[in-house]
Amino acid sequence: MIHRPTRGLDTLVRDWAAVVPFLIGIAWLLIGPALNLVADSLRDPQGGVTLLNWRDVIGNPLTRRAIVTSMTVGLAVATLTAAVGVPLGWCIGRLRVGGRSVAIAALNVAANLPATSLVFGFAAAFGGGGMITLALRLLWPEAPELDLYSLPGLVAVYFYFHMPLFVLLILPAMGAVSDELWEAASVCGAGRVRFWVRVGLPVLAPFALAGWILMFVSAIGQYGVPLALGGSEGAVNLVTLRIGDLIQFVGSSNRFERAACLSLLLILVSVGALWMYRSLLGRAMRWLA
Amino acid sequence: MLDGPLWLRIGVLASVALYGVLPLIATALYSLATVWRRKPLPDGITLAWWTSTLQDPGFLWALGRSLGISVLAVILVNLLILPPLYWSHVANRRIRPVLEACALIPFVLPGVVMAAGINRFVALWTLTSRLEATPGLLLMAIVATSFPVYLWAVDGSMRAANVLALWEAASTQGAGSWRILRRVVVPSIGTGLAAGSLLMFASAMGELALARIITGSSFETLTLWQLRKLHGTDADPNGVAVASLLSLFVLFAFSFAIAIRNRGRSVQMAPAAGKG
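Line order of the protein sequences matches chains A and B.
Residue numbers are given in our numbering: position 272 of the first sequence equals residue 279, and the series is strictly consecutive.
Residue numbers are given in our numbering: position 103 of the second sequence equals residue 257, and the series is strictly consecutive.
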């Protein structure tokens, strides 16, 4: 490290100059707008402080339903993803280098697909007139179709790209359930099932839970995918879509303020979830030491 | 052994791979189909959609805008994040918690919320109000939302390459920090830089929420073009298929190359909780 015998202004500049452009960017693009949202949510038309906007948001049945729907979607997506992602992550974690590289590349692409491409592909494959639905109908004419413009359909689409994201997040943690752990357990007489129930899953649990939290936050914040699915006139009523609507379409007088209230709700839920994520991982990281 | 029966693992992986690839296949078929009605496979195959879309000026302009802003985003994120990250490793360790804390902020700000906030905030100050609803602002917003993945990828790479030791060795030879960054550090963390840049590129190419709300139809990116062709009056689902496939090929090619270079190690994708 650079040895600093004296602390002067030039040392301060030298230490921190590299960070200044970044910090300016963050302050201006992230922190400033976020604080402004708080201000906006409490603003009344004359510029004073009021709780009217919050009352409008909570009192309006449309926005209330949006909040409930968004939370439900978040819970469903996170749970489904974790349930499937843990075993899948395990299988991928045990692959050799070549197969692993292909798997990771594929997961990366699936997790980063643009919302429009994803929705189109999903509809083309699993939608009402989709490839798989039609193929299924050949064998079983009464096959139910997946209505993409409904709540279960939305969850199905979310699941499609959240699952690779979850697997990518949990993959490094798979190393914690090592062969050494298994050998130690089987020397003590544990069978495979017992190993997983008493050792394997408890070790993985905090990481899986942390992943669950991230998936929940990601799901409630989605805007592009539901937009591509049905637009704001779509059948599913989400907080993010409501925010987008309030901003873009001229309607009521306090639309920006109400959008700010809804935004703050999302932010608060996300902050709470993030705090839980950090405390969870803090304790779990010793398994990866 | 711990692995479990081979047939089960292969079965799980194969079914998931199949499920994952079906939308891709359907998209590919859509881009090549003449007409596609009741049957699970298209009635006929044609390249007409590919040729017409690749010649459609609307598509080409949208593609150009997306590519342009994505490349600029990669350049910008490297300029803004690499120096402080490097400095946090070799000179001032206290930069690190600041960077990590800042990287958590985009997590709690969903795209639409950010876009809502940014436009309003920028309009408040006369100094910056000219930037409201411009592509320049969109570019900065994209970097602000997606920089964490770049940060974690490059940071992990720097730690793996032990940049501090490299720096110490090179500076005893008389090289200045800037030179060390260019000549020693950057080549050593090449894979991390490539992975981080790719993730940033992919993020920027796929951006929909920010693009729609900050600039909207005044700056039609590829995703906005696709959205219009999906739901608008001039619907062109086959064109959407072509556009989707194009971006997918590029993404996958880069991802695969980087994963191979990284030899199967996954890039750090989430905020780390431990110190150092």
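Glycine included, C-beta positions come from ideal geometry on N, C-alpha and C.
Given residue i as reference, the closest of the options once Cα atoms are compared
i                      : options                    : result
residue 352 of chain B : B/300, B/189, B/330, B/323 : B/300
residue 343 of chain B : B/360, B/398, B/287, B/232 : B/232
residue 117 of chain A : B/398, B/375, B/414        : B/398
residue 171 of chain A : A/293, A/275, A/98, A/123  : A/98
residue 245 of chain B : B/404, B/319, B/336        : B/319
residue 102 of chain B : B/348, B/201, B/265        : Outside the displayed range of chain B (155 to 430) lies residue 102 of chain B, so it cannot be described from this structure.
residue 184 of chain B : B/390, B/259, B/331        : B/390
residue 289 of chain B : B/186, B/168, B/395, B/367 : B/367
residue 245 of chain A : A/109, A/282, A/269        : A/269
residue 355 of chain B : B/408, B/323, B/365        : B/408
residue 220 of chain A : A/127, A/48, A/85          : A/85
residue 271 of chain A : A/202, A/42, A/178, A/34   : A/42
residue 69 of chain A  : A/257, A/107, A/119, A/248 : A/248
residue 22 of chain A  : B/248, B/179, B/204        : B/248
residue 374 of chain B : B/161, B/220, B/170        : B/220
residue 179 of chain A : A/100, A/77, A/59, A/72    : A/100
residue 36 of chain A  : B/278, B/400, B/322, B/200 : B/278
residue 45 of chain A  : A/53, A/223, A/60          : A/60
Residues sharing a beta bridge with residue i, DSSP
i                      : result
residue 334 of chain B : For residue 334 of chain B, which the question treats as bridged, DSSP gives no partner whatsoever.
residue 50 of chain A  : A/56
residue 412 of chain B : Bridge partners of residue 412 of chain B: none, in fact.
residue 199 of chain B : B/187
Chain-ordered neighbours of residue i on chain B, where CB pairs are closer than 9 Å
i                      : result
residue 81 of chain A  : Chain B residues near residue 81 of chain A: none, gap ~11 Å exceeds 9 Å.
residue 123 of chain A : 360, 362, 376, 377, 378, 379, 380, 381, 383, 384, 394, 397, 398
residue 156 of chain A : Correct list: empty, because the minimum Cβ distance to chain B is about 12 Å.
residue 235 of chain A : 362, 377, 380, 381, 384, 385
residue 274 of chain A : 262, 263, 264, 267
Under 7 Å by beta carbon: chain A residues contacting residue i
i                      : result
residue 184 of chain B : 131
residue 206 of chain B : Neighbours of residue 206 of chain B on chain A: none; closest Cβ ~17 Å, over 7 Å.
residue 413 of chain B : 108, 111, 112
residue 409 of chain B : 112, 115, 116
Where residue i meets chain B, residues with beta-carbon distance less than 7 Å
i                      : result
residue 120 of chain A : 360
residue 263 of chain A : 274
residue 41 of chain A  : 263, 271
residue 277 of chain A : 261, 262
Contact list for residue i against chain A, beta-carbon separation under 9 Å
i                      : result
residue 406 of chain B : 112, 113, 115, 116
residue 181 of chain B : 124, 127, 128, 131, 132
residue 163 of chain B : 97, 98, 101, 102
Contact set between residue i and chain A, taken where Cβ atoms lie within less than 8 Å
i                      : result
residue 295 of chain B : 36
residue 235 of chain B : 29
8 Å Cβ cut-off: residues of chain B touching residue i
i                      : result
residue 204 of chain A : None at all; the shortest Cβ gap to chain B is about 14 Å.
residue 266 of chain A : 270
Task: Positions along the region 245–266 of chain B whose CB lies within less than 9 Å of some CB in chain A - done: Near chain A, meaning a CB-to-CB distance below 9 Å, the residues of the region 245–266 of chain B are 245, 246, 247, 248, 249, 252, 253, 256, 258, 259, 260, 261, 262, 263, 264, 265, 266.
Task: Stretch-stretch touch, CB-based, cutoff 8 Å, three pairs: the region 287–303 of chain B with the region 164–177 of chain B - done: With a cut-off of 8 Å, the region 164–177 of chain B and the region 287–303 of chain B do not count as touching, because too few Cβ pairs lie within range.
TODO: Name, going along the chain, the residues of the region 240–255 of chain A whose beta-carbon falls closer than 8 Å to a beta-carbon of chain B.
DONE: 247, 250, 251, 254, 255
- [ ] Please name the residues in the region 10–37 of chain A whose beta-carbon is closer than 8 Å to at least one beta-carbon of chain B, in chain order.
- [x] 21, 22, 23, 25, 26, 28, 29, 30, 32, 33, 35, 36, 37
Task: At least three beta-carbon pairs within less than 8 Å, the region 251–262 of chain B to the region 26–37 of chain A - done: yes
- [ ] State whether the region 333–349 of chain B contacts the region 209–218 of chain B, with contact taken as three or more CB pairs (one from each stretch) at a distance under 8 Å.
- [x] no
- [ ] Say whether the region 207–219 of chain A touches the region 127–140 of chain A, bearing in mind that this needs 3 or more beta-carbon pairs closer than 8 Å, one atom from each stretch.
- [x] No, the region 207–219 of chain A is not in contact with the region 127–140 of chain A.
Open item on the list: Does the structure place the region 240–257 of chain A close enough to the region 177–196 of chain A that three or more beta carbon pairs sit under 8 Å?
Closed with: The region 177–196 of chain A, when compared against the region 240–257 of chain A, does not touch it at the 8 Å Cβ threshold.
Open item on the list: For the region 206–227 of chain A, list every residue whose C-beta sits within 9 Å of some C-beta in chain B, in sequence order.
Closed with: 207, 217, 218, 221, 224, 225, 227
Task: the region 162–170 of chain A / the region 224–238 of chain A touching (three or more Cβ pairs under 8 Å) - done: yes
TODO: Take every Cβ of the region 213–229 of chain A, pair it with every Cβ of the region 271–288 of chain A, and state whether three or more of those distances are shorter than 8 Å.
DONE: yes
Task: At least three beta-carbon pairs within less than 8 Å, the region 264–276 of chain B to the region 307–322 of chain B - done: no
- [ ] Using a Cβ-Cβ cut-off of less than 7 Å, list which residues of the region 67–91 of chain A approach chain B; keep chain order.
- [x] none
Open item on the list: By the 8 Å beta-carbon criterion, what residues does the region 44–55 of chain A contribute toward chain B?
Closed with: 44, 47
Open item on the list: What are the residues in the region 300–322 of chain B lying within 7 Å of chain A by C-beta distance?
Closed with: none
Open item on the list: For the region 161–173 of chain A, list every residue whose C-beta sits within 9 Å of some C-beta in chain B, in sequence order.
Closed with: 167, 170, 171, 172
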